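Protein chains in written order, with the numbering used here: chain A, 25 to 179; chain B, 25 to 179; chain C, 25 to 179.
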């Protein structure tokens, strides 16, 4: 892909990157080793504040999916801040999705698709990743979804 | 090890690889970066369908251990599909095991041994891995165990 | 940094490394691939035995933070046993922190700071890592906190 591609794709998808997230505590939002970038778990936000909720209780699967999509856009924004150019992304390698859910909710994979599908839309084949998704007891600040990513950059 | 070793070992252990798993959603079962392969979280299956249950409630530790072993065989099957030859495995590097459990169950490590011991049986020293195991609120489709793995291939 | 730095820093911080941890089950405490070392999830210990507790129920955030700091020291001890010299650490790349918590507790990030701040104190900029922290239903042996780390060594 040429540099214009990803930015044109974002525009075509009507996706605006968000301001880079700040860590909630004593860590950084991204750390690179070799050509792998590890992004911290990003919690879902809505209108700049924490998107709280628990799947199976106070949120529908569709809302969770929208939250996961919002996290993915924040992850892209952090990745853009880290790389300076999203066209340096060679591959979204691995996604881990933590869904704040009750012991009865079993659609964590559908919630997580909100992020996975965005990566596929933006990066095409390079957006196809290995993934784990599961239900956690609770998330920092009561967020409904937290997602971390491992990304390979081109040399 | 020569190529015949791993396949003979599987035969000696009476382990038949399963058909490659299909992703339940918008992702792929394995993604490689350099010589590291990241396998998606695989959920436990029994007779081809999701192996549901919650440790501490509807399943014994021994049953959980059998489920973790079944997941490990599915992971090997995906790895075989990815590599074309399991003898290319240089090391099972890292295992993360998510056990669907109540807030009272504390034997996640014994459940997870079902997978860890299989890797050690099949690969010997190359199967000895770093590992995290813990109890989650719930898993996709109600599965009892989900395991992901990071594997190093030989050059 | 020169070799004396890290060891002098540990001394200045009054941190004594612990005896290397033994795995609770069929795995190893660290596995290396290339120059990345993956440390197994280490559960919190106090006076050599498992530090049990659940945040939001039987433990305060401050106690949890102390437990996370204790885990970080055990992780450094394992890392020392693995490397033979902590000055070979180029970067603490990634931390995953599993906090045993109720469905009401939302300060997992503050608990985890006990570990993150220790890494920053010991390694300076090289201790700044990407991180995910979240609440799990339960941990092996009833531990209050479990933390795993990915570390880059210098060539």
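Beta carbons are placed, not taken as given, at the ideal position from N, Cα and C, and that holds for glycine. The structure presented is a predicted model; accordingly, all values stated were derived computationally and were not measured.
Do residue i and residue j have their C-beta atoms closer together than 8 angstroms?
i                     : j                     : result
residue 67 (chain B)  : residue 61 (chain B)  : no
residue 125 (chain A) : residue 162 (chain B) : yes
residue 157 (chain B) : residue 133 (chain B) : yes
residue 79 (chain B)  : residue 160 (chain B) : no
Shortest alpha-carbon distance to residue i belongs to which of the options?
i                     : options                    : result
residue 118 (chain B) : B:172, B:38, B:49, B:53    : B:172
residue 178 (chain C) : C:158, C:56, C:124         : C:56
residue 29 (chain C)  : C:121, C:154, C:110        : C:110
residue 33 (chain A)  : A:164, A:114, A:63, A:143  : A:143
residue 93 (chain A)  : A:80, A:115, A:168, A:49   : A:168
residue 81 (chain B)  : B:160, B:166, B:129, B:135 : B:129
residue 155 (chain C) : A:148, A:120, A:152        : A:120
residue 49 (chain B)  : A:65, A:35, A:69, A:131    : A:131
residue 37 (chain A)  : A:97, A:54, A:63, A:69     : A:97
residue 116 (chain C) : C:54, C:65, C:153          : C:153
Roughly how many whole angstroms lie between the Cα atoms of residue i and residue j?
i                     : j                     : result
residue 145 (chain B) : residue 100 (chain B) : 12 angstroms
residue 127 (chain A) : residue 165 (chain A) : 20 angstroms
residue 31 (chain A)  : residue 58 (chain A)  : 25 angstroms
residue 72 (chain B)  : residue 83 (chain C)  : 42 angstroms
residue 123 (chain B) : residue 102 (chain A) : 31 angstroms
residue 170 (chain C) : residue 63 (chain C)  : 12 angstroms
residue 181 (chain B) : residue 95 (chain B)  : Lying before the first or after the last residue shown, residue 181 (chain B) is absent from chain B, which here runs from 25 to 179.
residue 39 (chain C)  : residue 52 (chain A)  : 24 angstroms
residue 112 (chain B) : residue 35 (chain A)  : 42 angstroms
residue 114 (chain A) : residue 174 (chain C) : 21 angstroms
residue 65 (chain C)  : residue 148 (chain C) : 23 angstroms
residue 54 (chain A)  : residue 85 (chain B)  : 38 angstroms
residue 176 (chain C) : residue 176 (chain A) : 16 angstroms
Give the interface partners of residue i over in chain D, defined as CB-CB distance under 8 angstroms, in chain order.
i                     : result
residue 178 (chain C) : Included in the structure are the protein chains A, B and C, with no chain D among them.
The ligand GTP heavy atoms versus the CB of residue i: any closer than 7 angstroms?
i                    : result
residue 85 (chain B) : As presented, the structure is devoid of all ligands, the ligand GTP included, so that no description of it is given.
With a threshold of 8 angstroms, are at least 3 pairs of Cβ atoms found where one atom belongs to the stretch 84 to 97 of chain C and the other to the stretch 124 to 144 of chain C? yes
Residues of the stretch 148 to 165 of chain A whose Cβ lies closer than 7 angstroms to any Cβ of chain B, in chain order: 152, 153, 154, 155, 156, 157, 158, 159, 160, 161
Could you tell me whether the stretch 35 to 52 of chain C touches the stretch 98 to 106 of chain B, using the rule of 3 or more Cβ pairs below 8 angstroms? no
According to a CB-to-CB cut-off of less than 9 angstroms, which residues of the stretch 51 to 63 of chain B neighbour chain A? 51, 52, 53, 54, 55, 56, 57, 58, 60, 61, 62, 63
Beta carbons nearer than 8 angstroms to chain C: which residues of the stretch 128 to 141 of chain B have them? 128, 129, 130, 131, 132, 133, 134, 136, 137, 140, 141
Any residues in the stretch 64 to 89 of chain A with a beta carbon nearer than 8 angstroms to a beta carbon of chain C? Which ones, in chain order? 64, 65, 78
Of all the residues that make up the stretch 113 to 127 of chain A, which are near chain C by a beta-carbon distance shorter than 9 angstroms? 120, 122, 124, 126, 127
Relative to chain A, which residues along the stretch 26 to 49 of chain B have a C-beta separation below 7 angstroms, given in chain order? 48, 49
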